[in-house]
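Novice: In terms of this note's numbering, the sequence shown opens at residue 37 and continues consecutively.
I'd like to ask you about the structure that follows.
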Amino acid sequence: MKRIAAAAVVALSLAAAGFASGREEAAPPKPTAADLAWMAGTWIRSEGGSTFEETWLPPRGGSLAAVSRNVKGEKTAMFELSTVETAESGDLVLHIRHFGPGLASWKSEASGPGKWTLVESSERKAVFEDASKDFPRRIVYASAHADDLRAFLEGEREGKPMGMQFLFKRAK
């Protein structure tokens with residue numbers, strides 16, 4: 037009788053192991069625009085006579101949107117429009133388009149806005165990437181706390197690694 041009970045335990049154990057290994061693990065849900073709500077707000081960076089302001093609207097309708105301007109001295113040198121939208125694939129995609137005075141598109145963006153796909157995210161960090169670009173190949177937004185926002189641009193220029201960092205403070 038003990039042999040039958042032991043055989044039954046072994047058989048059940050093997051069956052349970054086979055059943056468990058046959059199940060596929062569910063993929064974690066993809067990040068949504070709501071997961072990037074920490075980016076919302078007006079952010080300012082001043083350095084060397086230049087002030088860069090960036091305002092991110094809160095997530096709504098599966099997207100975020102931002103408008104930015106760079107003022108040098110008393111003149112606006114550049115405007116930037118940015119969106120983070122949910123693509124049909126469910127991935128979040130960052131689009132950025134730059135303009136000069138009079139909303140003249142930058143010649144370097146004649147074919148359209150830049151486009152980077154979210155490849156990594158955590159509670160207060162979002163990494164967007166376009167491997168086909170030299171610079172910026174990656175755009176990283178990160179925030180250590182509610183009153184700062186850091187933007188990192190990473191990639192290559194002429195085959196050499198290049199990076200830029202921008203530290204913004206929340207406007208009061």
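All C-beta atoms, glycine included, are put in the ideal place defined by N, C-alpha and C.
Once DSSP output is grouped into helix, strand and coil, what is the label at residue 48?
Specialist: Confidence at residue 48 is low in this model, with a pLDDT of 48, below 50, so its placement is unreliable and the value that follows should be read with caution. The answer is helix: DSSP assigns residue 48 an H, G or I state.
Novice: Considering only residues of the same chain and omitting the five flanking positions on each side of residue 155, which have a CB-CB separation below 6 Å?
Specialist: 163 and 165, listed in sequence order.
Novice: Is it true that the CB of residue 92 sits closer than 8 Å to the CB of residue 114?
Specialist: Taking C-beta atoms as the reference points, residue 114 and residue 92 fail to come closer than 8 Å.
Novice: Who are the Cβ neighbours of residue 161 in its own chain at under 6 Å, not counting the five residues just before and after it?
Specialist: 178
Novice: Three or more C-beta pairs under 8 Å: does that hold for the region 143 to 150 against the region 186 to 203?
Specialist: no
Novice: Which runs of the beta strand (DSSP E) fall wholly inside the region 82 to 159 and span at least 3 residues, in chain order?
Specialist: 86 to 92, 99 to 108, 111 to 122, 128 to 135 and 150 to 158
Novice: Which word fits residue 142, buried or exposed, when buried means at least 16 other C-beta atoms lie within 10 angstroms of its C-beta?
Specialist: exposed
Novice: Give the straight-line distance between the Cα atoms of residue 182 and residue 77, rounded to the nearest whole angstrom.
Specialist: 10 Å
Novice: On the DSSP bridge list, what partners appear for residue 170?
Specialist: BP columns for residue 170 are empty, so no partner.
Novice: What are the boundary residues of the beta strand (DSSP E) that residue 182 is part of?
Specialist: Where residue 182 is concerned, there is no enclosing beta strand (DSSP E), given that its DSSP letter is neither H nor E.
Novice: How many angstroms separate the CA atom of residue 85 from the CA atom of residue 72?
Specialist: Straight-line Cα distance between these residues: approximately 31 Å.
Novice: Over what stretch of residues does the beta strand (DSSP E) that includes residue 165 continue unbroken?
Specialist: Residues 161 to 165.
Novice: Our contact map puts residue 95 next to residue 123 with C-beta atoms below 8 Å; I'd like the distance itself, whole angstroms only.
Specialist: So it is not a contact: roughly 15 Å between Cβ atoms.
Novice: Label residue 125 either buried or exposed according to how many other C-beta atoms from any shown protein chain fall within 10 Å of its C-beta, with 16 as the threshold for buried.
Specialist: Exposed.
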